[in-house]
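First comes the structure, then the notes that go with it.
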Amino acid sequence: MAPASNSISSQRVAVIGAGAAGLVAARELRREGHTAVVFDREKQVGGLWVYTPKAESDPLSLDPTRHVVHSSVYESLRTNLPRECMGFRDFPFVPRGDDVSRDPRRYPSHREVLAYLQDFAREFKIEEMVRFETEVVRVEPINGKWRVLSRNSGGLSEDEIFDAVVVCSGHYAEPSVAQIPGVESWPGKQIHSHNYRLPDPFEDEVVVVIGNFASGADISRDISKVAKEVHIATKSSPDTYEKLSGDKNNLWKHSQIDIAREDGTIVFQNGKVVHADTIVHCTGYKYYFPFLDTNGYMSVDDNRVEPLYKHIFPPAFAPGLSFIGLPAMGLQFYMFEVQSKWVSAVLSGRVTLPSVDKMMEDMMLSYETLEALGIPKRYTHKLGKSQCEYLDWIADECGFSHVEHWRDQEVVRGYKRLVDQPETFRDEWDDDDLMEEAYEDFSTQNLINFHPSRFLESGR
Ligand SMILES: Cc1cc2nc3c(=O)[nH]c(=O)nc-3n(C[C@H](O)[C@H](O)[C@H](O)COP(=O)(O)OP(=O)(O)OC[C@H]3O[C@@H](n4cnc5c(N)ncnc54)[C@H](O)[C@@H]3O)c2cc1C
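Using our numbering, read the sequence shown as starting at 1019 and increasing by one per residue.
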């Protein structure tokens, strides 16, 4: 751990966003003795888990003047990981047997995740710190502090100075759209998964879905229930062509799209040609911070947010400006918690950061390592297999414990199941041993007041 300072200071901190990241950041900041003001443009906590049937007016979300709808959640969405590994460390995401309206499944629906985040906010009295329906429109450094301009739903603007800003604004609201040769003159419809809610509009259509990870796998199967045919374009080898099992026997897996033609056809690299009505882009998102003005110091280039030390602190502005939740990994909520602990401890002076030069050096070294491994720049924040190493390193910095064995392994085995059995992974699993370990752990720490065996049999 870095050397601690003698004087512990309390800061006034602006937190942007009241999703999972902002909620736990607010809790950790307060635990460390800081005063946090949380801004969120929505009416309630939960961020992307607040489902709305509304989608954006531009289905590809390319129009910069569109009204932004924050949530990317579709009606049928269930979590893509077991609930035990999703929860915060001291507030497990376990079934609430005392409330029949709740979803007890191991992979529950999006409503259960929202309910969990609401429980968390209630338990730790976070809502009292949140200014709802208040959008942060500008953040800029000023004389060693931070100027935050916000606007509420009544049009009232506020101009305030904070000691620090913690950005928890999420990164699933600015879609990344696939570049398809010829698509400009292709006559069909296109939509990004960000604006997908229900399969109904695709009834009897021939649909091409681009992408086959979590959202792509789910959405293609959701649509196949009502569509005539669904063809999934994947990054697998150019000759890929496979009929997939499904209720209606109308689902195919292909290689990538080669070209979209004026006559309405889509040609895949495997040579197959389909006449399609709609293309659904399940192609991910871009980092986007429209409110941030650092006078050119920070930028997002090819989806790399830079410069950042450990994906959190821009060296020249550290610790006054920090980002929670940038890395893409399985252990999302857990990562928010560990990062927030570190940021809070650094802000109070309990833990110190290296010099600006050393932080830049570390960052450059990490870029060189990616390059040497042939990992494209756009994957800078994709941590994948190194997620535990990253989380444990931060935990060591701020005196937190390491990722539990069961939590790490539930992600590893959970993602393997997701890829191997995309239709059944949420209801058929082979890791009862890990689930048992998790519940024993919660029980030993008195985080749950029931015997774990009760739940090991349910949820299927
Ligand atoms: C479709 C989908 C499914 C997913 N499924 C899972 C899963 O099963 N398990 C899992 O662990 N993770 C999942 N994730 C990952 C997800 O990132 C995390 O679960 C997590 O909820 C993200 O939390 P966040 O707080 O970073 O962002 P968000 O939840 O997006 O919250 C950001 C908040 O910031 C607010 N905001 C943004 N800009 C401003 C501004 N300028 N002013 C004021 N407020 C602002 C927004 O209104 C929002 O409330 C999924 C992601 C997607 C897109």
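Glycine included, C-beta positions come from ideal geometry on N, C-alpha and C.
DSSP, reduced to helix, strand and coil, places His1272 within a strand of the structure shown.
Apart from the 5 residues on each side of it in sequence, Val1166 sits with its Cβ closer than 7 Å to the Cβ of Ala1032, Val1154, Val1157, Glu1178, Phe1180, Val1183 in its chain, given in chain order. The alpha-carbon separation between Ala1336 and Lys1359 amounts to approximately 15 Å. Counted as a single uninterrupted DSSP element, the stretch harbouring Ser1094 is not any beta strand (DSSP E), since DSSP gives it neither H nor E. From the listed residues Gln1062, Met1147, Gln1463, Glu1102, the smallest Cα separation to Glu1454 is found for Glu1102. For Asp1451, the uninterrupted alpha helix (DSSP H) segment begins and ends at 1450-1462. Here Ser1242 is actually not in contact with Ser1273; their C-beta atoms are around 19 Å apart, not less than 8 Å. Within the same chain, Ala1413 come within 7 Å of Ser1419 by CB-CB distance, once the 5 residues on both sides are set aside. Relative to ligand 1, the nearest heavy atom lies less than 7 Å away from the CB of Asn1098. Proximity to Gln1357 across Ile1330, Met1378, Leu1349 peaks at Ile1330, based on C-alpha coordinates. For Ile1179, no alpha helix (DSSP H) segment is defined; the enclosing uninterrupted segment is the beta strand (DSSP E) at 1175-1180.
A distance below 7 Å between beta-carbons, with the five flanking residues on each side excluded, links Arg1048 to the following residues of its chain, in chain order: Ala1054. Pairing Asp1449 with Glu1428, the inter-Cα distance amounts to about 8 Å. The nearest non-hydrogen atom of ligand 1 is 7 Å or more from the C-beta of Leu1436. Taking a cut-off of 8 Å on C-beta distances, the region 1196-1215 touches the region 1071-1085, as three or more cross pairs fall below it. Here the alpha carbons of Gly1115 and Val1056 stand approximately 31 Å from one another.
The alpha-carbon separation between Thr1070 and Asn1464 amounts to approximately 36 Å. In the structure shown, Lys1359 falls within a helical segment according to DSSP collapsed to helix, strand and coil.
Residue pairing by DSSP places His1052 opposite no residue, since no beta bridge is assigned to it.
Under the Cβ criterion (8 Å, minimum of three pairs), the region 1193-1207 counts as touching the region 1269-1289. Ligand 1 has a heavy atom closer than 7 Å to the beta-carbon of Glu1153. If only uninterrupted alpha helix (DSSP H) runs of at least 4 residues are considered, those enclosed by the region 1364-1447 are 1374-1390, 1405-1416, 1423-1438. Secondary structure of Arg1045 (DSSP, three-state): helix. Here the alpha carbon of Gly1314 sits roughly 12 Å from the alpha carbon of Pro1159. Around the beta carbon of His1052, 16 or more other beta carbons lie within 10 angstroms, which makes this residue buried. Separation of Pro1332 and Tyr1190 (C-alpha to C-alpha, rounded to the nearest whole angstrom) is 21 Å. Rounded to whole angstroms, the gap between the alpha carbons of Ala1139 and Arg1030 is 20 Å.
Judged by the Cβ position, Tyr1457 fails to qualify as a neighbour of ligand 1 at the 7 Å threshold, every heavy atom of the ligand being at least this far.
Assignment of beta strand (DSSP E) within the region 1252-1314, counting only whole runs of 3 or more residues, yields 1259-1262, 1269-1272, 1275-1278, 1283-1286, 1291-1293, 1296-1299 in chain order.
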